[in-house]
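Going down the list, the sequences are from chains A and B. Take -17 as the starting number for the first sequence in my numbering and just add one per residue. Take -17 as the starting number for the second sequence in my numbering and just add one per residue. Even glycine gets a Cβ: it sits at the ideal position worked out from N, Cα and C. The structure displayed is predicted, hence computed values, not measured ones.
There are 2 protein chains.
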Amino acid sequence: MKKAVVLYSGGLDSTTCMAIAREQGFEPYALSFNYGQRHTVELEKAREYAPLIGAAKHMVVDVDMRQMGGSALTADIEVPKGGVVEDEIPVTYVPARNTIFLAFALGWAEVLGAADIFIGVNALDYSGYPDCRPEFIQAFEKMANLATKAGVEGQPYAIHAPLIDLTKAQIIEKGLALGVDYRLTHSCYDPTPAGLSCGQCDSCRLRLKGFADAGSADPVAYV
Amino acid sequence: MKKAVVLYSGGLDSTTCMAIAREQGFEPYALSFNYGQRHTVELEKAREYAPLIGAAKHMVVDVDMRQMGGSALTADIEVPKGGVVEDEIPVTYVPARNTIFLAFALGWAEVLGAADIFIGVNALDYSGYPDCRPEFIQAFEKMANLATKAGVEGQPYAIHAPLIDLTKAQIIEKGLALGVDYRLTHSCYDPTPAGLSCGQCDSCRLRLKGFADAGSADPVAYV
């Protein structure tokens, strides 16, 4: 089996993405980040679930993004709740986050001798982050092949974003068809200390709407 | 003055790069990384020198690249010494390092409201790293403008690599003309515990040759 680095947050999208990588015949190397996110329960869940969902290895990289600030997910800015998901780029946007995450994935892929990187971004039911769009993914792939020894020596990298054109409901349907147990995922930006999801942040609302549209019940616990 | 993020290792190139940013009218925000490099003296020197060479602020980001491995600078691979600087990409190459560093610079620039990022790579007297070439810098810039809120909203980023076409001797001549005190720089990959440079690693040899070609004496101490 060919190795692939899969960016893995422990959430619904990245877990489905890992199931798709396995379906395509790759051996997934899961990569998570401890980047000063408020919702560290996400990371605890990721550590617990990674082996259960088939990761060959799980690496958690410490990167300090709190010093940089600028986001409700890493600084003391309130996570927005209620109302509609905003059209404009929200305060939960973390500057350059996917660029930073993909850069690490690229480094690890080069060390592992892997030519494939999976990222579970999607450009439909998302929060309007610029680094979730297909043109960003394509530009990163082009850059990656100029940045690396393997790329320069003719072993080009492919950045796979298999969820990019799917709605949240379609992602869930795909995952259920592949046998993903969505109890082993976590999406909430602002869970309780006990790990219950708030049901009100953008991430919870997109998730709940996705399950409703897919005609399925979300198996995680809400407050 | 316009703010600019300047990647700053404490070395000869990045220090000269910061002097050039200042000459061009920018207020430099210096960014360093504690990435598990063997030569942590470099980082201690960077902290000491950053205010002396005119950085408005100096941020040191902890990023754990040791877990990833794959380089003599971050893993237990011997740093090569003696002989000619190799034509092929050497073991001191750190996979995706400049991609990772520029990704953080991009995030910080976005938070600061800066549109300019300086990196002191050069493509002539260097060690053959793929992420020091102009085509990599251009591809990163293009990607950066698709990755970020500011880029998407029409405030494009510029990645400046003012040393890219210069020889080491030309870099030193430029720095001396701008008043850089090269005692306040450190280049060695494998210094003694007391901070003396080895004089034998690729970085020392390129530096010493540069000073010789520039007809100037290197003011740092060697073993």
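Item	Value
C-beta contact flag for residue 130 of chain B and residue 88 of chain B at 9 Å	yes
Environment of residue -6 of chain B [buried if 16+ CB atoms lie within 10 Å]	buried
Three-state class that DSSP yields for residue 14 of chain A in the structure shown	strand
Cβ pair count under 8 Å reaching 3, the segment 162 to 179 of chain A against the segment -13 to 7 of chain A	yes
Where residue 133 of chain B meets chain A, residues with beta-carbon distance less than 8 Å	112
Beta-carbon spacing of residue 84 of chain A, residue 150 of chain A below 9 Å	no
Cβ-based neighbour list, residue 69 of chain A, same chain, cut-off 6 Å, excluding 5 preceding and 5 following	Because the pLDDT of residue 69 of chain A is 47, which lies under 50, any placement of that residue in the model is unreliable, and the question is left without a value.
Cα-Cα separation between residue 188 of chain A and residue -11 of chain A, rounded to whole angstroms	20 Å
Proximity of residue 113 of chain A and residue 3 of chain A at Cβ, strictly below 9 Å	no
Residue 15 of chain A and residue 86 of chain A closer than 9 Å at C-beta	yes
Per-residue burial, residue 147 of chain A [other beta carbons within 10 Å of its own, 16 or more giving buried]	exposed
Identity of the residues DSSP links to residue 139 of chain B by a beta bridge	The partner list for residue 139 of chain B (beta bridge, DSSP) is empty, contrary to what the question assumes.
Where residue 117 of chain B meets chain A, residues with beta-carbon distance less than 9 Å	128
CA nearest to the CA of residue 193 of chain A, picked from A/145, A/154 and A/43	A/154
Paired residues, beta bridge with residue 41 of chain A - DSSP	A/13
Alpha-carbon to alpha-carbon, residue 143 of chain B and residue 111 of chain B	15 Å
Inter-residue spacing [alpha-carbon to alpha-carbon] between residue 140 of chain B and residue 123 of chain B	6 Å
Residue 99 of chain A - containing alpha helix (DSSP H), residue span	Careful: residue 99 of chain A lies outside any alpha helix (DSSP H), inside the beta strand (DSSP E) at 98 to 100.
Closer than 9 Å to chain B by CB, residue -12 of chain A	no
9 Å Cβ cutoff, residue 122 of chain B in contact with chain A	yes
Contact set for residue 27 of chain B: own chain, Cβ-Cβ below 7 Å, skip 5 residues either direction	-8 and 168
Simplified DSSP assignment, three categories, for residue 185 of chain A	helix
Coil, strand or helix - residue -11 of chain A by DSSP	strand
Cutoff 9 Å: residue 69 of chain B Cβ touching any chain A Cβ	Confidence is the limiting factor: at residue 69 of chain B the pLDDT is only 47, short of 50, which leaves the residue's position unreliable and the question unanswerable from this model.
Interface positions of the segment 74 to 86 of chain B facing chain A (Cβ-Cβ less than 9 Å), listed along the chain	75, 76, 77, 78, 79, 80, 81, 82, 83, 84, 85 and 86
Of the listed residues A/120, A/78 and A/127, nearest to residue 45 of chain A (C-alpha basis)	A/78
Exposed unless 16 or more other CB atoms sit within 10 angstroms - verdict on residue -16 of chain A	exposed
Interface partners of residue 89 of chain B on chain A, CB under 8 Å	47, 50, 52, 76, 77, 78, 79, 81 and 82
Alpha carbon of residue 11 of chain B to alpha carbon of residue 203 of chain A, nearest angstrom	44 Å
Three-state class that DSSP yields for residue -4 of chain B in the structure shown	helix
Contact residues within the segment 148 to 176 of chain B, judged by C-beta distance below 9 Å to chain A	none
Per-residue DSSP class, three states only, for residue 31 of chain B	helix
Listed by chain order, chain A residues near residue 43 of chain B by CB distance under 9 Å	45, 46, 47, 49 and 50
Any chain A beta carbon closer than 9 Å to residue -17 of chain B	no
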